[in-house]
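Structure record follows, encoded as structure tokens.
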Amino acid sequence: MSIEFQVPDMTCGHCVKTITGAVSQVAPGATVSVDLPTHRVTITGTDQADKVEAAIRDAGYEPSRL
Numbered sequence: 001m002s003i004e005f006q007v008p009d010m011t012c013g014h015c016v017k018t019i020t021g022a023v024s025q026v027a028p029g030a031t032v033s034v035d036l037p038t039h040r041v042t043i044t045g046t047d048q049a050d051k052v053e054a055a056i057r058d059a060g061y062e063p064s065r066l
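First residue of the sequence shown? That's 1 in UniProt numbering, and the numbers climb one at a time after it.
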């Protein structure tokens with residue numbers, strides 16, 4: 001299972017590191033893949049979409065579930 005988000009305010013490597021860390025806190029063991037040019041984040045290994053979305057928001061970003 002995978003969860004995808006569009007994160008338009010993710011613009012750099014620091015953003016990627018912050019989002020990856022936030023997701024890892026709520027979904028240990030999940031894999032985070034980021035396509036920075038398209039602002040897309042894909043998380044595999046968890047079905048906790050609400051917790052993941054909240055973690056990304058708490059990190060200061062505005063994700064939209066795809």
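Ideal Cβ positions, reconstructed from N, Cα and C, are used throughout, including at glycine. Small disclaimer: the values here were computed from a predicted structure and weren't measured.
Annotation: the continuous alpha helix (DSSP H) that includes Q25 extends over G13 to V26. At least 8 Å separates the beta-carbon of Q25 from that of P63. When the five nearest sequence neighbours on each side are left out, the beta carbons in the same chain lying within less than 6 Å of the beta carbon of T46 are those of A27 and A30, in order along the chain. Residue nearest to M1 within the set I43, L66, T18 and V52 is I43 (criterion: CA-CA distance). Inter-residue distance for G13 and K51 is about 23 Å (C-alpha atoms, whole angstroms).
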